[in-house]
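S.K.:
Protein chains in written order, with this note's numbering: chain H, 943 to 952; chain E, -10 to 201.
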């Protein structure tokens, strides 16, 4: 799993 | 935030503004694929659903609003205001051939099986191929106005700069997102032949002529 909780990129 | 991502966002914003100005000033959307613009609007709509629920920064919110507004304004210009100049006969790419695999892949390869996350993933995969109808249209018409090729160069560069941003973030923040990286590489690769033509021709003042 890739930890990318919230997507902070556009 | 890092310089690569900032330059990428600026390049993306520039592309969207170039396109809006081109259509508004020339009062024509000749050579522009309405289908690609529809896919971009879909991309921003499904990706920015967290616009009101998840505040990241003023910059982030501002850019999301601008991208959403500009993409819908572009669609309005193409399909409503200047629809008489919309070149339907050359904008014939079958987008269902994009939507189906993108939908399947987003259901299979995602970070989390929740609606928001699936839609985000769908938008990432869709953006990677959203330019295909436009590139297909340019190859069909055999050429593109120079302003359209500047639009494509700025748009193609944005995700290329994001790749540098992901390299930077991997080494500096140990952050990486394989879905965004995979789709971003594919998206940038699709522009390669256009980049070659742009560098070798358009920058020398020649018209962008694709080998018919």
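Backbone N, C-alpha and C fix where the C-beta goes; we use that ideal spot for every residue, glycine too.
On a Cα-Cα basis, can you pick out the residue from E:49, E:16 and E:82 that is closest to residue 69 (chain E)?
M.R.: Considering only alpha carbons, the answer is E:16.
S.K.: Helix, strand or coil for residue 132 (chain E), going by three-state DSSP, please let me know.
M.R.: Three-state result, residue 132 (chain E): strand.
S.K.: Evaluate residue 109 (chain E) with the Cβ neighbour count: other Cβ atoms within 10 Å of its Cβ, from every protein chain shown; 16 or more gives buried, anything less gives exposed.
M.R.: It is buried - the Cβ of residue 109 (chain E) has at least 16 other Cβ atoms within 10 Å.
S.K.: At the 8 Å Cβ level, is residue 212 (chain E) part of the contact set with chain H, yes or no?
M.R.: Within the shown structure, residues of chain E are numbered from -10 to 201, placing residue 212 (chain E) beyond reach of any answer.
S.K.: Under a CB-based cut-off of 8 Å, is residue -6 (chain E) close to chain H?
M.R.: Yes, contact with chain H.
S.K.: What residues in the segment 97 to 122 of chain E have a beta carbon less than 7 Å from any beta carbon of chain H?
M.R.: Within the segment 97 to 122 of chain E, the qualifying residues are 100 and 109.
S.K.: Considering only C-alpha positions, which residue in the set E:65, E:117, E:18 and E:43 is nearest to residue 177 (chain E)?
M.R.: Ranking E:65, E:117, E:18 and E:43 by Cα distance to residue 177 (chain E) puts E:117 first.
S.K.: What is the rounded straight-line gap between the Cα of residue 32 (chain E) and the Cα of residue 8 (chain E)?
M.R.: Residue 32 (chain E) and residue 8 (chain E): Cα-Cα distance of roughly 17 Å.
S.K.: How about residue 45 (chain E): is its C-beta nearer than 8 Å to some C-beta of chain H?
M.R.: Output row for residue 45 (chain E): interface = yes.
S.K.: Taking residue 30 (chain E) as the reference, which of E:141, E:57 and E:186 has the closest Cα?
M.R.: Answer by Cα proximity: E:57.
S.K.: Assuming contact is defined by CB atoms lying nearer than 8 Å, are residue 128 (chain E) and residue 187 (chain E) in contact in what I supplied?
M.R.: No, they are not a contact pair.
S.K.: Among the residues of its own chain, which have a CB less than 6 Å from the CB of residue 74 (chain E), if the five just before and after it don't count?
M.R.: Here the set comprises 17, 18 and 19.
S.K.: Which bits of chain H does residue 49 (chain E) rub up against, with CB to CB less than 9 Å?
M.R.: Result: 950, 951 and 952.
S.K.: For residue 197 (chain E), which of helix, strand or coil comes out of DSSP?
M.R.: Here residue 197 (chain E) sits in strand by DSSP.
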